[in-house]
């Protein structure tokens, strides 16, 4: 910046004739000198304004990201700090990060500025600390019982009922060589400038685990982040409350802030329109240093507040717009059905995870005690696949109905406002445009497929017509380096049945 200012001043001096020609009397054009001062003054004010904005707005987004993601990677996924700094936090390498293993705490700052802290709070995962929320969240985590049920020490049945070995031979029609080739490609790194970093792949066919592979340092017990796959977890939790008669899809969403003014048009938004990303609310799905979405995840005490405060820009139900904010409104609606977050989390464990045999699930809360239903759920690859199997089997697991009848059909039906048939109820769908079914998200995959999708290449793809669940977890920063459509097509071609 100093060098730039010197060059700028030199150019101004030259144009103003400060350097006189040899042999001639030096003249100063004082009348133009104020322009330089005004320019430099304006520049200085701009630098000060930007610096203030950076310290107050941009840096907290970066340090909040580093603290929260670093904490989850270290104390939920079990990653080593040096690995986390080199991979998960490589994009914010300018942030100083300190890991405290004894306190299960991560602190992040930039030269001591914008300091943020996240702590692991038992099975509630990692939560950013705020003056208002930290003590409350600690108490909630201490009160609730663990999500992980005790493991039966006896022999385990095979997945999905347990984690024991499956002694059965491959099902007839399975092309093992082709399936192995698909997995080899998933873990390959053909472009050193655009790493795939695939960490886990799991393939289930007709309720049987037929392929499973992990990158070095990861295994079947590693809980991995789903990012936006958390939205589909939120879908399941909402469905449980619909089954109990505590929530209604087509009734106005129970958001008290929208009912304070009798003329507030947002009061007409239904819960179904929120689930289908068709609320009509303004929401800028932008992240990074200039994105307000980063405040929602890494700064604000309430993950739902930003979206709740947005105005309507379209009539509810008429406009599809992907919005993590509306997923967090749904999560806040769920949270409000319980007396406190400990009761909420115990309900999730009792009614969803334990019946499915899911022991690794960690749903992380914001400082106010709401599950960050847009983004913060971690599970092992096997447990993500169990959730996918539940949806493949119409909400029934091991003969027991977990989700209400018709819920899966509703969830995988594209929203009327989605122009390419690409989104259902917190699930991505693959129906395609009405006028051109080939114009769809995954053109090589059957149109009945629906998918949990998350940032950095997370995917649980459910294909009912092929009785398949395909899980891929990774840390893919360059979207072009990973192609879910091509990978899924290779896997499906290897499975029994007619492609």
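Residue numbers (UniProt numbering): 1 to 499. Virtual Cβ for every residue (Gly too), placed ideally from N, Cα, C.
Beta-carbon proximity check, residue i vs residue j, cutoff 7 Å
i	j	result
residue 201	residue 183	yes
residue 468	residue 442	no
residue 127	residue 95	no
residue 313	residue 237	no
residue 269	residue 279	yes
residue 80	residue 108	no
residue 60	residue 389	no
residue 395	residue 412	no
residue 445	residue 452	no
residue 470	residue 392	no
residue 232	residue 253	no
residue 102	residue 117	no
residue 319	residue 415	no
residue 407	residue 245	no
residue 429	residue 456	no
Other residues of its chain near residue i: CB distance less than 6 Å, five sequence neighbours each side excluded
i	result
residue 458	226, 227, 229 and 473
residue 180	none
residue 384	460 and 471
residue 76	125, 223, 362 and 378
Extent of the continuous beta strand (DSSP E) to which residue i belongs
i	result
residue 450	450-454
residue 127	126-128
residue 82	From DSSP, residue 82 is part of no beta strand (DSSP E) but of the alpha helix (DSSP H) over 81-86.
residue 109	105-110
residue 412	It is not in any beta strand (DSSP E) - residue 412 instead sits in the alpha helix (DSSP H) that spans 407-412.
Given residue i as reference, the closest of the options once Cα atoms are compared
i	options	result
residue 187	213, 173 and 164	213
residue 322	421, 371, 173 and 106	421
residue 306	436, 320, 286 and 490	286
residue 234	417, 430 and 324	324
residue 166	478, 253, 157 and 248	157
residue 372	249, 204 and 302	302
residue 248	92, 273 and 185	273
residue 115	264, 163 and 58	58
Residue i to residue j span [Cα, whole Å]
i	j	result
residue 68	residue 88	11 Å
residue 331	residue 409	21 Å
residue 195	residue 353	33 Å
residue 377	residue 368	17 Å
residue 438	residue 426	22 Å
residue 403	residue 111	49 Å
residue 489	residue 464	14 Å
residue 487	residue 436	23 Å
residue 266	residue 432	30 Å
residue 484	residue 327	23 Å
residue 120	residue 105	6 Å
residue 275	residue 219	33 Å
residue 198	residue 241	35 Å
residue 283	residue 291	11 Å
residue 351	residue 340	17 Å
residue 261	residue 216	56 Å
residue 493	residue 298	41 Å
residue 491	residue 178	8 Å
residue 561	residue 78	The requested residue 561 does not occur in the structure, where the chain is confined to residues 1 to 499.
residue 481	residue 191	8 Å
residue 93	residue 343	38 Å
residue 90	residue 193	14 Å
Own chain partners of residue i with C-beta closer than 8 Å, once the 5 adjacent residues on each side are dropped
i	result
residue 170	176 and 210
residue 434	421
residue 288	61 and 294
residue 379	223, 224, 226, 358, 360, 361, 362 and 387
residue 98	106, 107 and 108
residue 173	495, 496 and 497
Close-in-space but distant-in-sequence residues of the same chain around residue i (CB under 7 Å, 5 per side omitted)
i	result
residue 315	280
residue 308	255, 257 and 329
residue 84	70, 73 and 74
residue 304	328, 329, 331, 332 and 370
residue 355	397, 400 and 402
Where the alpha helix (DSSP H) through residue i begins and ends
i	result
residue 232	230-243
residue 381	381-392
residue 100	Where residue 100 is concerned, there is no enclosing alpha helix (DSSP H), although the beta strand (DSSP E) it sits in stretches over 96-100.
residue 331	324-335
residue 69	59-75
residue 490	484-494
residue 183	176-187
Heavy atom of the ligand FMN within 6 Å of residue i beta-carbon
i	result
residue 436	This structure lacks the ligand FMN; in fact it carries no ligand of any kind.
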